[in-house]
Amino acid sequence: MKTSSSVAQLWPQISAALPASEDQFLLLFSDTVESSVLDLLKRSRRHLYSQTSNSSLSLNAQIVLDYSWEKLNTGTWRDVDKEWRRVYSYGCLFKVAALCRGGPSEDELRQAIRTCDMGLLMGAAIMDNILQVIVGILQSQFKKSCEDGDDQGQPEVKRMKTECPLVPVIREELAVPRVKCPSLESFKTNYLLPLKPVVLEGVIDHWPALNQHPWSIDYLRSVAGCRTVPVEVGSRYTDEEWSQTLLTVDEFIDRFISNEDKAKGLGYLAQHQLFDQIPELKEDIRFPDYCCLGEDDEDHITVNAWFGPGGTVSPLHQDPQQNFLAQVVGSKYIRLYSPEHTDKLYPHQSPLLHNTSQVEVESPDTQRFPEFSKAPYLECVLQPGDVLFIPVQHWHYIRSLELSFSITKRAETE
Amino acid sequence: MRWFGFGFNAFEQICVHGKVTEDAGSDVKVTCPTELKSHVETSSCCLKKPGEIRASWSRRASLHLDGDSCVCLAGFVTATSVESCGVSGPKTCGCTDAVISEYHLTLTFPGRVEVWDIQKKESTPKWSMEINTQSDHTLKLPLVPGGYITNKPPFYHSLSPCLKAKSLALGAEHALLLCVTGDVYTWGLGSHGQLGHGGLTSEEEPRAVEALCGMPMSSVATGGWHSVCISAGGDLYVWGWNESGQLGLPSQGVRKALQQNQHTQQGNLGQEVKSSEEELQEVEKLKEFFISIQAFPALLDVTPSCEIKAVSCGSRHTAAVTTTGDLYTWGWGEYGQLGHQTLMSSDEPQRVEFFKEQQLRVVEVVCGTWNTFAAAIKEELSCS
Numbered sequence: 003m004k005t006s007s008s009v010a011q012l013w014p015q016i017s018a019a020l021p022a023s024e025d026q027f028l029l030l031f032s033d034t035v036e037s038s039v040l041d042l043l044k045r046s047r048r049h050l051y052s053q054t055s056n057s058s059l060s061l062n063a064q065i066v067l068d069y070s071w072e073k074l075n076t077g078t079w080r081d082v083d084k085e086w087r088r089v090y091s092y093g094c095l096f097k098v099a100a101l102c103r104g105g106p107s108e109d110e111l112r113q114a115i116r117t118c119d120m121g122l123l124m125g126a127a128i129m130d131n132i133l134q135v136i137v138g139i140l141q142s143q144f145k146k147s148c149e150d151g152d153d154q155g156q157p158e159v160k161r162m163k164t165e166c167p168l169v170p171v172i173r174e175e176l177a178v179p180r181v182k183c184p185s186l187e188s189f190k191t192n193y194l195l196p197l198k199p200v201v202l203e204g205v206i207d208h209w210p211a212l213n214q215h216p217w218s219i220d221y222l223r224s225v226a227g228c229r230t231v232p233v234e235v236g237s238r239y240t241d242e243e244w245s246q247t248l249l250t251v252d253e254f255i256d257r258f259i260s261n262e263d264k265a266k267g268l269g270y271l272a273q274h275q276l277f278d279q280i281p282e283l284k285e286d287i288r289f290p291d292y293c294c295l296g297e298d299d300e301d302h303i304t305v306n307a308w309f310g311p312g313g314t315v316s317p318l319h320q321d322p323q324q325n326f327l328a329q330v331v332g333s334k335y336i337r338l339y340s341p342e343h344t345d346k347l348y349p350h351q352s353p354l355l356h357n358t359s360q361v362e363v364e365s366p367d368t369q370r371f372p373e374f375s376k377a378p379y380l381e382c383v384l385q386p387g388d389v390l391f392i393p394v395q396h397w398h399y400i401r402s403l404e405l406s407f408s409i410t411k412r413a414e415t416e
Numbered sequence: 013m014r015w016f017g018f019g020f021n022a023f024e025q026i027c028v029h030g031k032v033t034e035d036a037g038s039d040v041k042v043t044c045p046t047e048l049k050s051h052v053e054t055s056s057c058c059l060k061k062p063g064e065i066r067a068s069w070s071r072r073a074s075l076h077l078d079g080d081s082c083v084c085l086a087g088f089v090t091a092t093s094v095e096s097c098g099v100s101g102p103k104t105c106g107c108t109d110a111v112i113s114e115y116h117l118t119l120t121f122p123g124r125v126e127v128w129d130i131q132k133k134e135s136t137p138k139w140s141m142e143i144n145t146q147s148d149h150t151l152k153l154p155l156v157p158g159g160y161i162t163n164k165p166p167f168y169h170s171l172s173p174c175l176k177a178k179s180l181a182l183g184a185e186h187a188l189l190l191c192v193t194g195d196v197y198t199w200g201l202g203s204h205g206q207l208g209h210g211g212l213t214s215e216e217e218p219r220a221v222e223a224l225c226g227m228p229m230s231s232v233a234t235g236g237w238h239s240v241c242i243s244a245g246g247d248l249y250v251w252g253w254n255e256s257g258q259l260g261l262p263s264q265g266v267r268k269a270l271q272q273n274q275h276t277q278q279g280n281l282g283q284e285v286k287s288s289e290e291e292l293q294e295v296e297k298l299k300e301f302f303i304s305i306q307a308f309p310a311l312l313d314v315t316p317s318c319e320i321k322a323v324s325c326g327s328r329h330t331a332a333v334t335t336t337g338d339l340y341t342w343g344w345g346e347y348g349q350l351g352h353q354t355l356m357s358s359d360e361p362q363r364v365e366f367f368k369e370q371q372l373r374v375v376e377v378v379c380g381t382w383n384t385f386a387a388a389i390k391e392e393l394s395c396s
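As you go down the protein sequences, you meet chains A and B in turn. Under the working numbering, think of the first position of the first sequence as 3, with each following residue one higher. Under the working numbering, think of the first position of the second sequence as 13, with each following residue one higher.
In structure tokens:
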């Protein structure tokens, strides 16, 4: 167990982020949270502010986590009372405190970061988003101890496999129109209102992600390597083999990007609000004003990251919101079908998948889906710097041609 | 008949915390079956040995159902209701059955059912209803004549009389009904395969588990997200979520944890240790053998040549009693609820050796959310 002198600074920093005394540490919940659970939370709080051993704090934190985890898994996610997600976050907070109070080892530091991430992913913000504050402190600490030479990571694979992606040829008559830096008015008039897809060129050239901080594997590792993220494993979400798992960004890159092993299947860091979790990355992007037209409420915007190797596929599907897809690294092949042709696209019947087509776009089963070839479409190959506007309910199919990082921005309609 | 408990004990629902040792861990997680002592109270009914047990997450209820029946509560009982036998809080004298949850104590009396809020000190039930106990006095809660009682409002739900309900088990998000005919029906959410119809869709109305048609069942039980039933012939059928091995089928999570445990132990002993990446690959190679969700009933061989007599489930573990008096447990074990003197989970049924060693014959089992209670009698010594 190696500790460096900077670890001694860790607990004081975390302590400073917590309420100064037990009295100021509020535990307020609705009646949904049973008094037995509240009793355990209070016990944990007592352990936190007294000199009791870390094992008692850790034990109580784990009970809170295990119980709230069961609540989070009861019923549909949408119906889970927010109070249980808050309880889960408190459990994470107490667990992190127990891990960090006594000069944590590198492994305990990793566990603490992971615990913060679990709270950020599955819990709900508590105490002014204290888990976000603490994970920031922990990450700085972790970087320091890596620099001190504690890190026993494998040597970086400097030369990645040079990829020569097979780029589909886009026929002019089927191409999604491309426009360079249109005025807001012309975008609104020609594309937004008539619901016509278009590729906007030159509108994100100013992004640090494309300039000062060009995003690369190394950069992402340095900013977010130790952070835990949800990863989709399997060819596509309609497959039986498809599943979701949690990995650190380092593990994800090691397993699915750097040492691509087809036997392990495809891994895709997909549809994840990475920029809420890792605010440092948010500084590298800023969506242009086209993306705000018609939206007055900041709170309903969802920005998702999509990061994966070549070959990831999002099957043909439609969303009830409009979408802006910005390409940052690598290229993607995208095909679009207008909702007027939904009848030729054979959506699944089940309520879970009714927004997804049954057809494999690039190798359709013409016997099962005879009408599909009659449906007109537009297609494009999206390159770094391009932003694709996908109108509401427009069917879209996306395949990455090489290592790719895209970002989508859409407005919630709820 | 003596009752033993093991597993989650953070609220002293199994036994009082040791005041001498500093070891919070062994207080909260009772890994070895421990005999339940009656309360040290002056109230006369508490001196009787408990007749039946009901358990929730933080409490245990002892039902004394002979003579002046009453219910005693142990565990997370509000500080002012130490004398929990009917003096303050729920008036349980004369009750015929009880069910306990984190929020409520549900009691049946001749002619009525009452739901009491046990988080508050109240002198009247939160809800009550007249029931016609003449029609069938063998019905056990949550069944009542005409329907069943849940632990959240609306409390009463009716059931079609065509179903001829015999016994009902309620999970976190589903229900499992045994009919007089031996048929089994399920309804509720099905996203963890717990309805047994082969898919993940929900059912609003009771739907027969067709895979078991023609095989009459004699008893049913539910965990948080899994279902279990015993056939007339003593076989055990399981379905639902297997994330901690609670179905007794191979679980990836359990195997990984076992490997990690070995890994640590080998490391401690200074033995050569495989890299975690290699181990991960080994486990992942066997991916197709692991079952995370079992959407159709599967026959589980608990132990060869033994019939199952009784079964009960906690949220993520299962406990079964054989006709020969052995207790088997499997599933989530991190609070000691499997009784194998360890905190490991298990995806294979294992006998709780304690009872064998003590020459005790297990006759009944009741699981709380994270613990297990077993009733045992002294084994007749046989000449061998």
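From the three backbone atoms N, C-alpha and C, an ideal C-beta is built for every residue, glycine too.
Can you pull the chain A residues whose beta carbon is under 7 Å from the beta carbon of B:F23, in chain order?
Residue numbering aside, residue 23 of chain B sits at position 11 when the second sequence is read from its first letter. The contacting residues are S38.
To the nearest whole angstrom, what separates the beta carbons of A:A272 and A:G310, a pair I think is in contact under 8 Å?
Translated into the one-based positions of the first sequence, residue 272 of chain A becomes position 270. Translated into the one-based positions of the first sequence, residue 310 of chain A becomes position 308. About 7 Å; that satisfies the 8 Å criterion.
Scan the segment 300-321 of chain B for residues whose Cβ lies nearer than 9 Å to a Cβ of chain A and list them as they occur along the chain.
S304
Where DSSP assigns a beta bridge to B:K138, which residues make up the other side?
Within the second sequence, residue 138 of chain B is the residue found at index 126, counting from 1. According to the DSSP secondary-structure assignment, B:K138 is paired through a beta bridge with no residue.
For the segment 71-85 of chain A, enumerate the residues whose C-beta is nearer than 7 Å to any C-beta of chain B, in chain order.
E72, T76 and G77
Along the segment 338-351 of chain B, what residues have a CB closer than 7 Å to any CB found in chain A?
none
For chain B, is any of its Cβ atoms less than 8 Å away from the one on A:S260?
Taking the first sequence and counting its residues from 1, one reaches residue 260 of chain A at position 258. No - not a single Cβ of chain B is within 8 Å of the one on A:S260.
Can you name the residues of chain A whose CB is closer than 8 Å to the CB of B:V8?
Within the shown structure, residues of chain B are numbered from 13 to 396, placing residue 8 of chain B beyond reach of any answer.
So, is the C-beta of B:W69 closer than 8 Å to a C-beta in chain A?
Here residue 69 of chain B refers to the residue found at position 57 when the second sequence is read from its first residue. Yes, B:W69 counts as interfacial toward chain A.
Specify, as a first and last residue, the run of the beta strand (DSSP E) that B:E361 falls within.
Translated into the one-based positions of the second sequence, residue 361 of chain B becomes position 349. The sequence given here has Pro at residue 361 of chain B, not Glu. S358 to R363 is the extent of the beta strand (DSSP E) around B:P361.
Run through chain B and tell me which residues come within less than 9 Å of A:D207, C-beta to C-beta.
The count along the first sequence starts at 1 and reaches residue 207 of chain A at position 205. Correct list: empty, because the minimum Cβ distance to chain B is about 41 Å.
Residues of chain A with a CB under 7 Å from the CB of B:A36: which are they?
For the purposes of this step, residue 36 of chain B is taken as the residue at position 24 of the second sequence. Ordered by position in chain A, the residues that pass the 7 Å Cβ test against B:A36 are S57, S58 and L61.
So which residues on chain B does A:L42 lean against when the C-beta distance must stay under 8 Å?
Indexing the first sequence from 1 puts residue 42 of chain A at position 40. Simply A22.
Rounded to whole angstroms, what's the CA-CA distance from A:K190 to A:V181? Just pull it up for me.
Numbered from 1 along the first sequence, position 188 holds the residue referred to as residue 190 of chain A. Numbered from 1 along the first sequence, position 179 holds the residue referred to as residue 181 of chain A. Using only the alpha carbons, I get a separation of about 13 Å.
Can you list the residues of chain A that B:G236 reaches, using a CB-CB cut of under 9 Å?
On the second sequence, position 224 is the one that residue 236 of chain B refers to. By Cβ distance, chain A contributes E72, N75 and T76.
Please confirm if B:A73 has its CB atom under 8 Å from at least one CB of chain A.
As a position in the second sequence, residue 73 of chain B is number 61, starting the count at 1. B:A73 does not count as touching chain A.
Which residue or residues does DSSP assign as beta-bridge partners of A:G269?
Start at 1 with the first residue of the first sequence, and residue 269 of chain A comes out as number 267. Answer is A:V235.
The alpha helix (DSSP H) that contains A:Y51, what's its start and end?
The sequence position of residue 51 of chain A within the first sequence is 49, counting from 1. Unbroken alpha helix (DSSP H) run through A:Y51: S37 to Y51.
For the segment 226-244 of chain A against the segment 278-291 of chain A, are there 3 or more C-beta pairs whose distance is under 8 Å?
Output reads yes: the segment 278-291 of chain A touches the segment 226-244 of chain A.
Could you confirm whether any beta carbon from chain A is found closer than 8 Å to the beta carbon of B:A184?
Along the second sequence, read from residue 1 onward, the residue named residue 184 of chain B stands at position 172. Taking Cβ atoms only, chain A reaches closer than 8 Å to B:A184, which makes this a yes.
Would you decide whether A:E342 is buried or exposed? Buried here means 16 or more other CB atoms lie within 10 Å of its CB.
To locate residue 342 of chain A, count along the first sequence from 1; it is residue 340. Exposed: under 16 other Cβ atoms inside 10 Å.
Kindly indicate if chain A contains any beta-carbon less than 8 Å away from that of B:L151.
Position 139 of the second sequence, counted from the start, is the residue given in the question as residue 151 of chain B. Interface annotation, B:L151: not in contact with chain A, CB-CB separation never under 8 Å.
Rounded to the nearest angstrom, what separates B:V127 and B:I143 at their Cα positions?
In the second sequence, counting from the first residue as 1, residue 127 of chain B sits at position 115. In the second sequence, counting from the first residue as 1, residue 143 of chain B sits at position 131. Going from the Cα of B:V127 to the Cα of B:I143 covers about 13 Å.
Residues of the segment 75-88 of chain B in Cβ contact with chain A at a cutoff of 9 Å, in chain order, please.
G87 and F88
Kindly say whether B:L201, judged by its beta-carbon, lies nearer than 8 Å to any beta-carbon of chain A.
Counting from 1 along the second sequence, the entry for residue 201 of chain B is found at position 189. Yes, B:L201 counts as interfacial toward chain A.
Can you confirm whether B:S230, when its beta carbon is compared against all beta carbons of chain A, has any partner nearer than 8 Å?
Sequence index remark: in the second sequence, residue 230 of chain B carries index 218 (1-based). B:S230 does not count as touching chain A.
Alpha carbon to alpha carbon, how far is B:D313 from B:S239?
Start at 1 with the first residue of the second sequence, and residue 313 of chain B comes out as number 301. Start at 1 with the first residue of the second sequence, and residue 239 of chain B comes out as number 227. Our two residues, B:D313 and B:S239, have alpha carbons roughly 16 Å apart in a direct line.
Rounded to whole angstroms, what's the CA-CA distance from A:Y335 to A:W209? Just pull it up for me.
Against the first sequence, residue 335 of chain A aligns to sequence position 333. Against the first sequence, residue 209 of chain A aligns to sequence position 207. Approximately 22 Å, taken between the alpha carbons.
Do we get a CB-CB distance below 8 Å when we pair B:V215 with the residues of chain A?
What you label residue 215 of chain B is simply residue 203 of the second sequence in a count that begins at 1. For clarity, residue 215 of chain B is Glu in the given sequence; the question names Val instead. So, not an interface residue.
Would B:H131 pass as an interface residue toward chain A - the criterion being a Cβ-Cβ separation below 8 Å?
Here residue 131 of chain B refers to the residue found at position 119 of the second sequence. Looking at the sequence provided, one finds Gln at residue 131 of chain B rather than His. Closer than 8 Å to some Cβ of chain A, the Cβ of B:Q131 qualifies, so yes.
Classify A:Q385 as helix, strand or coil using the three-state DSSP reduction.
Your numbering for residue 385 of chain A matches position 383 in the first sequence. The answer is coil: DSSP assigns A:Q385 none of H, G, I, E or B.
Could you name each continuous beta strand (DSSP E) segment of 3 residues or more that falls completely within the segment 202-231 of chain B, going from the start of the chain to the end?
215-220
For B:M13, does the count of other Cβ atoms within 10 angstroms reach 16, so buried, or fall short, so exposed?
Along the second sequence, one-based indexing puts residue 13 of chain B at 1. Counting Cβ neighbours within 10 Å, B:M13 comes out exposed, since fewer than 16 surround it.
Specify, as a first and last residue, the run of the alpha helix (DSSP H) that A:V89 falls within.
Locating residue 89 of chain A in the first sequence gives position 87, counting from the first residue. It spans K84 to C102 - the alpha helix (DSSP H) in which A:V89 sits, taken as one unbroken run.
Against chain A, does B:E114 count as a neighbour if the rule is that its beta carbon must be under 8 Å from one of theirs?
Walking along the second sequence from the start, residue 114 of chain B turns up at place 102. For B:E114, the answer is yes, since a Cβ of chain A falls inside 8 Å of its Cβ.
A:T117 by DSSP, collapsed to three states: which one?
Stepping through the first sequence from its first residue, residue 117 of chain A is reached at position 115. In the structure shown, A:T117 sits in a helix (DSSP, three-state: H, G or I).
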